[in-house]
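Letter by letter, the sequence shown follows residues 11 to 104 of this note's numbering. A virtual CB, placed ideally from N, CA and C, is assigned to each residue, including glycine. Worksheet: one structure, shown below.
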Amino acid sequence: MQKQITILGRNYTLRADNGEELEAAAMEVDRRLKQLIGRTAGVDQYTAAMLTALNLASEVRALKRGYRDRLDAMEREAAAIETVLAAAVAEEGA
Numbered sequence: 011m012q013k014q015i016t017i018l019g020r021n022y023t024l025r026a027d028n029g030e031e032l033e034a035a036a037m038e039v040d041r042r043l044k045q046l047i048g049r050t051a052g053v054d055q056y057t058a059a060m061l062t063a064l065n066l067a068s069e070v071r072a073l074k075r076g077y078r079d080r081l082d083a084m085e086r087e088a089a090a091i092e093t094v095l096a097a098a099v100a101e102e103g104a
């Protein structure tokens, strides 16, 4: 399906499986761009777009790192539980 979005007053027509998600993402990008342009005197739209993209990429990387760390911790916990269970089963069989 095609979805029309607007970022900084420019319309874009994009293909999207989830139009609502695309629209929400576009609104977030538009909000962040306007915020950056509003607080940074003299910044042009291209530079604002690059800085916004870098900020978003940094946030995505931090989230991925956090999820990886949580997954690693869960895997360690699962391994510890598996060890305890294996010992309990071995003790029952003895």
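message = DSSP three-state label for residue 50, please.
response = Taking the first residue of the sequence shown as 1, we reach residue 50 at position 40. Here residue 50 sits in coil by DSSP.
key: Under the three-state DSSP convention, the category residue 18 falls into   = Within the sequence shown, the letter at position 8 stands for residue 18. Coil, per DSSP.
task = Please determine if the stretch 48–65 and the stretch 94–101 are in contact, where contact requires at least 3 C-beta pairs separated by less than 8 Å.
result = no
task = Take the Cβ of residue 91 as the centre, count every other Cβ of all protein chains shown within 10 Å, and call the residue buried at 16 or more, exposed below.
result = Here residue 91 refers to the residue found at position 81 when the sequence shown is read from its first residue. Residue 91 comes out exposed.
ask   = Where do the N-terminal and C-terminal ends of the alpha helix (DSSP H) with residue 65 fall, by residue?
value = By 1-based counting over the sequence shown, the position of residue 65 is 55. Run containing residue 65: 55–103, per the alpha helix (DSSP H) assignment.
ask   = What do you get for residue 23, buried or exposed, if any count of 16 or more other CB atoms within 10 angstroms of its CB means buried?
value = On the sequence shown, residue 23 is found 13 positions in, with the first residue counted as 1. The residue is exposed, with fewer than 16 neighbouring Cβ atoms inside 10 Å.
key: For residue 17 and residue 43, believed in contact at Cβ under 8 Å, the rounded distance   = Residue 43 sits at position 33 when you count from the first residue of the sequence shown. Residue 17 sits at position 7 when you count from the first residue of the sequence shown. Right, their Cβ atoms sit about 7 Å apart.
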